[in-house]
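Below you'll find the structure, written out as structure tokens, and then a few comments.
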Amino acid sequence: MKSLPHRHVHVFVAIMAFCLLIFSGAAGLKAAAIKGPLRIAFICSGSVTDGGWNQEGKDAILVVKKKLHAHVSILEHISPVRAVDVMRSYAMRGYNLIIGHGYEFLIPATQVAAMGGKTKFAVSGADTTKPGVLTLNFDLAQPSYQLGILAAMLSKTGKIGFIGGEAIPSVVACYRGFAAGARSVNRTIKIAAAYTSWDQPALSKSQAQAFIQQGIDVIYQNVDAASRGVFEAVAQANKSGHGPVYVFGSNSDQNNNPTCSRYTPASAVIRLDRAFLRVARQVQRGTFKPGVAPENLQNGVCIVVLNPKLIGSVITPAMRQALARAGRELLTGKVHVAG
Amino acid sequence: MTPAQNMFTFLSRQAVTAATPMILAGVGELVGELSGVINIGIEGTMLMGCIAAYTVTGVSGHGTVGLLAAMAAGMVMAVIFAAASVWGRADQIVAGTAMDLLGVGLSGMIWMMYQNWRENLGFSTALPRGSGFSAVPIPVLHDIAYLGPVLFDQYALCYVTIGLCVVMWWVLRRTRLGLIIRALGDAPEACHAAGVRVRLGRSLCLLFAGACSGAAGAYLSIMQTHAFASDMTGGEGFVVLALVIFGRWKLPGLIGGCLFFGLINSLQQTLQTARYASQNTALHALTHVPFQFFQMLPYLAAIIALAIMSRKAPGPRYINVPWPEVKT
Chain D
33 MKSLPHRHVH
43 VFVAIMAFCL
53 LIFSGAAGLK
63 AAAIKGPLRI
73 AFICSGSVTD
83 GGWNQEGKDA
93 ILVVKKKLHA
103 HVSILEHISP
113 VRAVDVMRSY
123 AMRGYNLIIG
133 HGYEFLIPAT
143 QVAAMGGKTK
153 FAVSGADTTK
163 PGVLTLNFDL
173 AQPSYQLGIL
183 AAMLSKTGKI
193 GFIGGEAIPS
203 VVACYRGFAA
213 GARSVNRTIK
223 IAAAYTSWDQ
233 PALSKSQAQA
243 FIQQGIDVIY
253 QNVDAASRGV
263 FEAVAQANKS
273 GHGPVYVFGS
283 NSDQNNNPTC
293 SRYTPASAVI
303 RLDRAFLRVA
313 RQVQRGTFKP
323 GVAPENLQNG
333 VCIVVLNPKL
343 IGSVITPAMR
353 QALARAGREL
363 LTGKVHVAG
Chain C
-1 MTPAQNMFTF
9 LSRQAVTAAT
19 PMILAGVGEL
29 VGELSGVINI
39 GIEGTMLMGC
49 IAAYTVTGVS
59 GHGTVGLLAA
69 MAAGMVMAVI
79 FAAASVWGRA
89 DQIVAGTAMD
99 LLGVGLSGMI
109 WMMYQNWREN
119 LGFSTALPRG
129 SGFSAVPIPV
139 LHDIAYLGPV
149 LFDQYALCYV
159 TIGLCVVMWW
169 VLRRTRLGLI
179 IRALGDAPEA
189 CHAAGVRVRL
199 GRSLCLLFAG
209 ACSGAAGAYL
219 SIMQTHAFAS
229 DMTGGEGFVV
239 LALVIFGRWK
249 LPGLIGGCLF
259 FGLINSLQQT
269 LQTARYASQN
279 TALHALTHVP
289 FQFFQMLPYL
299 AAIIALAIMS
309 RKAPGPRYIN
319 VPWPEVKT
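From first to last, the protein sequence lines are chains D and C. Residue numbering for the first sequence follows the numbering used here, starting at 33 and increasing by one per position. Residue numbering for the second sequence follows the numbering used here, starting at -1 and increasing by one per position.
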């Protein structure tokens, strides 16, 4: 048999290699996009009935379930130590996306992602780049900055306060944003900060009472399930004639809380459902990419929600203008608040 | 009043408010320990009291019904604990740990079911307006300078606790019943010889302790805050255990310990605030102190006091010893 000339062999191999590349690329794309219902696992370290972070996460994932007709599995009370086994188990069962709800799941997710496989990993409330993991970096510092402006304009005593559940970076960022916003209005304003607990309403209530006793008349709280204690303290203070004392909500829209909605002018809100929905869609379409996803004012995930009942009475047009101006400055980068 | 007097009154009032549930649970634990049974699961019992009070008040719209439900829940927990440790002769520490875990888990589960149920019915999970307890100032008395706001502008259960302390002090010191309770823990053989049924006596003491812990939980959820959160007791049950030892198994010591703990906690919260909000330069200098230092203060004070006070403080001789003893 007459052999092909060398030149022809090279051309043939090149064409074959090109075709192989094209087909493998197409096949790859085909494999990345998901057909059929998306399978999502949601893991959190606390209780999904905590009235705060975990509960909001659960509510958000249920929105994703409804909108994408996804199959969702929720697992609560998972410690970071157990998380590796749990995540690996979900990955082996063919789940498309695993969401670890909290910074504590970053390392476990990274470890399981490194094992390979088709499952995608997202961790909410983290700000670090890790291979194979998408971290959702919620920046509440920007809406907190706006709340600081509102607080400074609302305060009659020139004293405002912040109560956090724990001094973790995301909560400290809220305080920094709040303080920066308040000082942009009143440079001499006094701003107290205290950290109590996520789940002890009695402790957060007594801390809020200590604030009020010292003359603080606007409180920004980020204490999750313990927030009811702060609301209780504010309601009592207003009832006993200390007032007006105002309180801001955080993470979810707490303006309509049953205890003191008349004294809750605004909340700094994380729209977790938006963020989760976007990530789920990326997985579904095969466009998911690991890295850090900034979730902030710019993409509408972290925003200030005003209490519509108090607009015009407590929240004056001047305050609304100041908030809108601050929002524009934050969006255009004229003002930068370190998250 | 001067600002300093104002501050002192505020701190004292906060201390009494914070100490009330600890005193209430502590009185029950003291009686239980004097009878020879240590229940380290009071944290779990308090949590069951919290959730029982909150859910029953939420459904019935009456705080008093919620309070009774909390006491009943505490007594149910006590029955389980007594069955295991008194009648089943299980190790009290192990059984108490199990009770703690049971209370934490069960209260969280009930809370989840309650939320789902209310939401499915279209009702709020918040307490109906006016159903939770508010502070009840006692006319005339609450106008007394300093003492008035501190002692006579509290929740109803605080007054009940004061009354209970007086009664229990009298019972434990002056009555035959008190003598029997102490003898159950110090000389169960003597009780047995005198015809007292030791296991029944210990079980009744535990029932009383359960009711007290349940009521303490109700204080947290339907009086002090009108809220429930998983693990909302935040370790108070364990602090109570330490304070019973701190008080050398005596009621005045226990009350003093609880008030001291409440005062230090109130002081640290005020200091955390005052360093920013006050004009006082000395206080302002404290802004450089990490907040964790202030948070540590009550526990540090408790440990130091415990180390000093618990020396030469023998507890009941037969604590954690099941009856009848098995001689080997």
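Glycine included, every Cβ here is placed at the ideal spot set by N, Cα and C.
Inset, instruction - Apply the 10 Å Cβ neighbour rule to Arg180 (chain C) and answer buried if 16 or more other Cβ atoms are within range, or exposed otherwise. - result: buried
Inset, instruction - Please report the residue range of the alpha helix (DSSP H) in which Ser238 (chain D) lies. - result: 233 to 245
Inset, instruction - Anything in chain D within Cβ reach of Gln3 (chain C), meaning under 7 Å, just list it in chain order. - result: Chain D residues near Gln3 (chain C): none, gap ~13 Å exceeds 7 Å.
Inset, instruction - Run through the region 197 to 268 of chain C for me and flag every whole alpha helix (DSSP H) of 4 or more residues, listed as ranges in chain order. - result: 234 to 244
Inset, instruction - Please confirm whether Val324 (chain D) and Thr167 (chain D) have their CB atoms less than 8 Å apart. - result: yes
Inset, instruction - Classify Tyr153 (chain C) as helix, strand or coil using the three-state DSSP reduction. - result: coil
Inset, instruction - Say whether chain C places a C-beta atom closer than 8 Å to the C-beta of Tyr207 (chain D). - result: no
Legend entry - Coil, strand or helix - Ser56 (chain D) by DSSP: The pLDDT assigned to Ser56 (chain D) is 46, lower than 50, so where the model puts this residue is not dependable; a value taken from the coordinates is nonetheless given after this. Ser56 (chain D) falls in the helix class under three-state DSSP.
Inset, instruction - Locate the alpha helix (DSSP H) running through Leu186 (chain D), then write down its first and last residues. - result: 173 to 186
Legend entry - Stretch pair the region 210 to 229 of chain D + the region 193 to 202 of chain D: three plus CB contacts closer than 8 Å: yes
Legend entry - Counted within 10 angstroms of its Cβ, other Cβ atoms place Gln373 (chain D) as buried (16 or more) or exposed: The displayed coordinates of chain D run from 33 to 371. Any statement about residue 373 (chain D) would go beyond what the structure contains.
Inset, instruction - Label Pro322 (chain C) either buried or exposed according to how many other C-beta atoms from any shown protein chain fall within 10 Å of its C-beta, with 16 as the threshold for buried. - result: exposed
Inset, instruction - Would you please verify whether the beta carbon of Pro233 (chain D) is less than 8 Å from any beta carbon of chain C? - result: yes
Legend entry - CB contact check: Ser122 (chain C) to chain D, cutoff 8 Å: yes
Inset, instruction - Examine chain C for any beta-carbon lying closer than 8 Å to the beta-carbon of Phe153 (chain D), and answer yes or no. - result: no
Legend entry - Reduced DSSP category for Thr151 (chain D) - H, G, I as helix; E, B as strand; rest coil: coil
Legend entry - Own chain residues within Cβ distance below 7 Å of Ala93 (chain C), not counting five before or after: Phe79, Ala82, Ser83
Inset, instruction - Enumerate, from N- to C-terminal direction, the unbroken alpha helix (DSSP H) stretches of 4 or more residues contained entirely within the region 297 to 360 of chain D. - result: 304 to 317
Inset, instruction - Count the C-beta pairs between the region 236 to 248 of chain C and the region 306 to 314 of chain D that are closer than 8 Å, then say yes if the count reaches three, no if not. - result: no
Inset, instruction - Could you tell me which residues DSSP pairs with Val253 (chain D) in its beta bridges? - result: First, the amino acid is wrong: residue 253 (chain D) is Gln here, not Val. According to DSSP, which records beta bridges pairwise, Gln253 (chain D) is partnered with D:Ile195.
Legend entry - Positions along the region 95 to 118 of chain C whose CB lies within less than 7 Å of some CB in chain D: Gly106, Trp109, Met110, Gln113
Legend entry - is_contact[Ser276 (chain C), chain D] using C-beta, thresh 8 Å: yes
Inset, instruction - Mind checking which residues open and close the alpha helix (DSSP H) that includes Leu9 (chain C)? - result: 1 to 32
Legend entry - Beta-bridge partners of Lys162 (chain D), as assigned by DSSP: D:Val165
Inset, instruction - Compare the C-alpha of Val155 (chain D) against each of D:His109, D:Ala146, D:Val165, D:Gly149 and name the closest. - result: D:Val165
Inset, instruction - Taking only beta-carbon positions, decide if Asp91 (chain D) is within less than 8 Å of chain C. - result: no
Legend entry - Contacts of Ile223 (chain D) in chain C (Cβ-Cβ under 8 Å): Tyr274
Inset, instruction - Provide the residue(s) that pair with Ala226 (chain D) in DSSP beta bridges, ordered along the chain. - result: D:Ile195
Legend entry - Distance, Glu327 (chain D) Cα to Lys271 (chain D) Cα: 38 Å
Inset, instruction - Just mark Gly57 (chain D) as buried or exposed, buried being the case when its beta carbon has 16 or more other beta carbons within 10 Å. - result: Confidence at Gly57 (chain D) is low in this model, with a pLDDT of 45, below 50, so the placement of that residue should be treated as unreliable; the coordinate-derived value is given next. When all chains shown are included, Gly57 (chain D) counts as exposed.
Legend entry - Residues that Phe289 (chain C) contacts on chain D, provided the C-beta gap is smaller than 9 Å: Ala199, Ala225, Ala226, Tyr227
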